[in-house]
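These protein sequences, in sequence, are chains S and F. Heads up, the first sequence is in my numbering, so the first residue is 308 and it goes up one at a time. Heads up, the second sequence is in my numbering, so the first residue is 3 and it goes up one at a time. From the three backbone atoms N, C-alpha and C, an ideal C-beta is built for every residue, glycine too. Since this is a predicted model, take the numbers as computed values, not measurements. What follows is one structure encoded as structure tokens, with my remarks underneath.
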Amino acid sequence: DAKTTQPPSMDCAEGRAANLPCNHSTISGNEYVYWYRQIHSQGPQYIIHGLKNNETNEMASLIITEDRKSSTLILPHATLRDTAVYYCIVRGFLAGGTSYGKLTFGQGTILTVHP
Amino acid sequence: KAGVTQTPRYLIKTRGQQVTLSCSPISGHRSVSWYQQTPGQGLQFLFEYFSETQRNKGNFPGRFSGRQFSNSRSEMNVSTLELGDSALYLCASSSLEGYNEQFFGPGTRLTVL
Numbered sequence: 308d309a310k311t312t313q314p315p316s317m318d319c320a321e322g323r324a325a326n327l328p329c330n331h332s333t334i335s336g337n338e339y340v341y342w343y344r345q346i347h348s349q350g351p352q353y354i355i356h357g358l359k360n361n362e363t364n365e366m367a368s369l370i371i372t373e374d375r376k377s378s379t380l381i382l383p384h385a386t387l388r389d390t391a392v393y394y395c396i397v398r399g400f401l402a403g404g405t406s407y408g409k410l411t412f413g414q415g416t417i418l419t420v421h422p
Numbered sequence: 003k004a005g006v007t008q009t010p011r012y013l014i015k016t017r018g019q020q021v022t023l024s025c026s027p028i029s030g031h032r033s034v035s036w037y038q039q040t041p042g043q044g045l046q047f048l049f050e051y052f053s054e055t056q057r058n059k060g061n062f063p064g065r066f067s068g069r070q071f072s073n074s075r076s077e078m079n080v081s082t083l084e085l086g087d088s089a090l091y092l093c094a095s096s097s098l099e100g101y102n103e104q105f106f107g108p109g110t111r112l113t114v115l
């Protein structure tokens, strides 16, 4: 799986958009970008994933650059409860969509949302 | 539906002992993965089971082992515990092999004295 690079920490004001960048310059064609977050003392929580098109769900939006070498997770209106460690993960799949379930976590970005 | 459950939530053992941790996946999920989380090494993949078969294994010594039962419940075992095994052990389940997200349990906090 490709390696990812994230800033170690970021701050965001409550109510504002939080934009978390991730660099994955060695990503290959069959690798997806996944985002998880971990709130203190809890298990990681899935947020969103994508291949090359931008994706949006009820939690966040994922913007992937055209060359797929970087992406940005956007929390449109951050709240205090969004304070967590955010992990950007690149995950490969074999032909037919088979994955071997392994997520390779980096150090992530500590996002602190303040009032 | 109920989430991933892990038992026990907290455990204290001494060096040299062995420990067994249990994970019950979300109903209908057949894939179970285990991770170790420590302050120094972060989250590291241990192994993954699918339909009672280990499909993938991380870079951990043979003291770490696991199994999965026909009802998809999984156990992991650590023998001859070392101080460095103190960690949060997380279990995650997913519905099918493929692009599905993994759902994590709350973890078991193991302390080795």
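With a CB to CB cut of under 6 angstroms and the five nearest residues on each side skipped, what residues in its chain are close to S:Tyr339? His356, Leu358, Arg398
Whole angstroms is fine: what's the gap from F:Tyr37's alpha carbon to S:Pro315's? 21 angstroms
For F:Pro10, decide whether its Cβ has a neighbour in chain S, counting only Cβ atoms nearer than 8 angstroms. no
Note down the Cα distance separating S:Ile346 from S:Tyr394, rounded to an integer number of angstroms. 11 angstroms
Since S:Lys302 contacts S:Ser332 with CB under 8 angstroms, what's their CB separation in whole angstroms? An answer regarding residue 302 of chain S cannot be provided, because it is not within the stretch 308 to 422 covered by chain S.
Secondary structure at F:Gly86, three-state DSSP: helix, strand or coil? helix
Range of the contiguous beta strand (DSSP E) that encloses S:Arg344: 338-345
contact_flag[the region 45-53 of chain F, the region 10-26 of chain F] where n(CB pairs < 8 angstroms) is 3 or more: no
For S:Leu294, which three-state DSSP category applies? Residue 294 of chain S lies beyond the stretch modelled for chain S, which goes from 308 to 422, so this question has no answer here.
Near S:Ile417, which residues of its chain fall below 6 angstroms by C-beta distance, leaving aside the five closest residues on each side in sequence? Ser316, Val392
S:Lys409: buried (16+ other C-beta within 10 angstroms of its C-beta) or exposed? buried
Can you tell me which of the three DSSP states F:Phe106 falls into? strand
Residue from S:Val420, S:His421, S:Pro422, S:Thr411 with nearest C-alpha to S:Pro351: Taking the Cα of S:Pro351 as reference, the smallest distance to any Cα among S:Val420, S:His421, S:Pro422, S:Thr411 is reached at S:Thr411.
Looking at the structure shown, is S:Ala320 part of a helix, part of a strand, or coil, going by DSSP? Look at S:Ala320 here: in three-state DSSP terms it is strand.
Which complete alpha helix (DSSP H) runs does the region 358-382 of chain S hold, if anything under 4 residues is left out? none
Any beta carbon from chain S within less than 8 angstroms of F:Gln38's own beta carbon? no
Would you give the residue range spanned by the beta strand (DSSP E) that F:Arg69 belongs to? 66-70
Look up S:His421 in the DSSP assignment and say whether it is helix, strand or coil. Shown here, S:His421 sits in a strand according to DSSP, grouped into three states.
Anyone know if the C-beta pair for S:Tyr353 and S:Ile396 falls short of 8 angstroms? no
Report yes if the CB atom of F:Val114 is closer than 8 angstroms to the CB atom of F:Arg17, and no otherwise. yes
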